[in-house]
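The end of the sequence shown is residue 260 by the working numbering, with every number in the run present.
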Amino acid sequence: MSSKNNQNLINDKSIAQKEFEANRLKEIELNNIKLIHADRFNFTVEKNSFKGYFGTLKYTLRRFYKLLHGKSSMRFEIFTNQYRSQKAYMPCNMIDIELIKKELQTEVEDEKA
Numbered sequence: 148m149s150s151k152n153n154q155n156l157i158n159d160k161s162i163a164q165k166e167f168e169a170n171r172l173k174e175i176e177l178n179n180i181k182l183i184h185a186d187r188f189n190f191t192v193e194k195n196s197f198k199g200y201f202g203t204l205k206y207t208l209r210r211f212y213k214l215l216h217g218k219s220s221m222r223f224e225i226f227t228n229q230y231r232s233q234k235a236y237m238p239c240n241m242i243d244i245e246l247i248k249k250e251l252q253t254e255v256e257d258e259k260a
């Protein structure tokens, strides 16, 4: 009986891993900064020795932008609001990566907050 339970548990983990792989966010890399959908609980931002773990996509993108440009942007904050409830365990495969890259690369000069 225990062997059958163990096999069911292994099968459940395998299915969960396959679902995660199918629904994960594609990796974003700009100027040696990476955004990685690490697991079901975390997005990570990596630059050199810095590695930050975040549960929602909004805060992950904010950190990425700050590392990329060295400052925050109110315009980018408004853009990231659409991802405020996007958790790492939710399906992320339909998120427009190209739009995110475009917004990350747009730096606002002398923004007034």
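Every residue, glycine too, gets a C-beta built ideally from N, C-alpha and C.
Practice item. For the alpha helix (DSSP H) containing I225, list its first residue and its last residue. Key: 221-227 is the extent of the alpha helix (DSSP H) around I225.
Check your understanding: Three-state secondary structure (DSSP) at Y114?
Key -> This structure leaves residue 114 out entirely; the chain is present only between 148 and 260.
Practice item. Look at the alpha carbon of E193 and the alpha carbon of G199, and state the distance between them as a whole number of angstroms. Key: One Cα belongs to E193, the other to G199, and the distance between them is close to 7 Å.
Point to revise | Of the residues N195, R187, E166, the one placed nearest I180, counting alpha carbons only | key: In terms of Cα proximity to I180, the closest of N195, R187, E166 is N195.
Practice item. Specify whether the region 167-176 and the region 236-244 touch according to this definition: at least 3 beta carbon pairs, one from each stretch, less than 8 Å apart. Key: Touching, yes, given that three or more Cβ pairs across the two stretches are closer than 8 Å.
Exercise for review: Tell me whether T227 is buried or exposed, calling it buried when 16 or more other Cβ atoms sit within 10 Å of its Cβ.
Suggested key: Counting the other CB atoms within 10 Å of its CB gives T227 a total of 16 or more, which places it among the buried residues.
Practice item. Taking the CB atoms as reference points, tell me whether L251 and Y212 lie closer together than 9 Å. Key: A distance below 9 Å separates the beta carbons of L251 and Y212.
Exercise for review: Output the distance between the C-alpha atoms of K249 and S220, rounded to the nearest integer angstrom.
Suggested key: Computed Cα separation, rounded: 14 Å.
Check your understanding: Mapping DSSP to helix, strand and coil, what is E174?
Key -> In the structure shown, E174 sits in coil (DSSP, three-state: anything other than H, G, I, E or B).
Point to revise | Three-way DSSP call (helix, strand, coil) for A260 in this model | key: Note that A260 scores 46 on pLDDT, short of 50, meaning its location in the model is unreliable; the coordinates nonetheless yield the value given after this. DSSP places A260 in coil when its eight states are reduced to three.
**Study point:** For F190, the three-state DSSP class (helix, strand or coil)
**Key:** Reduced to three states, the DSSP call for F190 is strand.
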